[in-house]
Amino acid sequence: MSDLIAIVYPSEAKAEEVRQRIFELQKEYLITVGDAVIATKSADGKVKLNQLFNTTAAGATTGSFWGLLVGILFLNPLLGVAVGAASGAIGGALSDVGINDAFMKELAGKLTGDKAALFVLVRSMTADKVLKDLSSHGGEVLQTSLDESKEQVLRNALQQAQQTPG
Numbered sequence: 008m009s010d011l012i013a014i015v016y017p018s019e020a021k022a023e024e025v026r027q028r029i030f031e032l033q034k035e036y037l038i039t040v041g042d043a044v045i046a047t048k049s050a051d052g053k054v055k056l057n058q059l060f061n062t063t064a065a066g067a068t069t070g071s072f073w074g075l076l077v078g079i080l081f082l083n084p085l086l087g088v089a090v091g092a093a094s095g096a097i098g099g100a101l102s103d104v105g106i107n108d109a110f111m112k113e114l115a116g117k118l119t120g121d122k123a124a125l126f127v128l129v130r131s132m133t134a135d136k137v138l139k140d141l142s143s144h145g146g147e148v149l150q151t152s153l154d155e156s157k158e159q160v161l162r163n164a165l166q167q168a169q170q171t172p173g
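Following my numbering, the numbering of the sequence shown begins with 8 at its first residue and continues without gaps.
Dropping the structure here:
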């Protein structure tokens with residue numbers, strides 16, 4: 008079962024720094040991430056999602072390949088690539104992997120100023136080591152799907168980091 012963790016940071020740069028650290032922890036096999044998205048809110052109130060995986064581009068690429076293959080079979084590879092890319096892009100745009108975009112936009116709508124929210128879909132983690140490492144970055148819990156005791160441990164770790172001078 009996966010858990011969703013949303014943490015607010017003072018800037019998009021800080022959220023990106025933490026996201027990169029999470030990927031390093033993943034390489035060390037301490038955490039398995041299903042998705043990691045940074046959400047920001049512009050001055051006009053629009054929410055922007057900085058996602059890792061562009062489903063539209065991936066769909067277009069995959070569609071182009073299969074379209075070329077089918078096009079070669081029917082002796083018209085260029086038409087096959089064009090049709091494949093278009094259908095793949097449409098399919099990619101309509102599919103949503105990871106965290107639900109509407110949910111992230113709704114939560115990110117609560118952001119103020121230059122703050123950014125980091126949404127992480129955690130498939131598994133060695134909680135004590137990951138929390139110890141990430142607590143040094145600070146942040147404020149926006150929402151989690153963790154059970155109450157784990158969420159409180161996370162809140163305490165982040166709060167302790169904010170109170171520590173340095």
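Where is the CB? At the ideal position from N, CA and C, for every residue including glycine.
Problem set entry | Ile106: first and last residue of the uninterrupted alpha helix (DSSP H) it sits in | Segment: none, Ile106 is in no alpha helix (DSSP H) and carries neither H nor E.
Exercise. Helix or strand or just coil, what does DSSP make of Gln159?
Worked result: Under the three-state reduction of DSSP, Gln159 is assigned to helix.
Problem set entry | Status (buried if at least 16 other CB within 10 Å, exposed otherwise) for Asp154 | Under this definition Asp154 is an exposed residue.
Problem set entry | CA-to-CA distance, Lys53 to Asn107, given in whole angstroms | One C-alpha to the other measures close to 17 angstroms.
Problem set entry | Which listed residue (Tyr16, Leu11 and Arg26) has its alpha carbon closest to that of Ile166 | The amino acid occupying residue 166 in the given sequence is Gln; Ile does not appear at that position. Closest option to Gln166, Cα to Cα, is Tyr16.
For this session: Kindly indicate which residue of Leu118, Lys139, Leu11 and Ala123 has the alpha-carbon position closest to the one of Ser18.
Result: Comparing alpha carbon positions, the residue from Leu118, Lys139, Leu11 and Ala123 closest to Ser18 is Ala123.
Problem set entry | C-alpha gap between Lys48 and Leu161, whole angstroms | Distance between the alpha carbons of Lys48 and Leu161: 24 angstroms.
Problem set entry | Distance, Ala13 Cα to Gln150 Cα | Gln150 and Ala13: Cα-Cα distance of roughly 5 angstroms.
Problem set entry | Which of helix, strand or coil DSSP assigns to Glu35 | The answer is coil: DSSP assigns Glu35 none of H, G, I, E or B.
Exercise. Can you tell me where the alpha helix (DSSP H) with Lys136 in it begins and where it stops?
Worked result: For Lys136, the uninterrupted alpha helix (DSSP H) segment begins and ends at Ala134 to Ser142.
Problem set entry | Alpha-carbon spacing of Leu59 relative to Val44, whole angstroms | Each residue's alpha carbon lies about 7 angstroms from the other.
Exercise. How long is the line joining the alpha carbons of Lys183 and Leu125, rounded to whole angstroms?
Worked result: The structure shown has nothing for residue 183, since the chain only spans 8 to 173.
Exercise. Thinking C-alpha only, which one of Leu56, Ser152, Thr39 and His144 is nearest Leu24?
Worked result: The displayed chain sequence assigns Glu, not Leu, to residue 24. The shortest C-alpha separation from Glu24 is found at His144.
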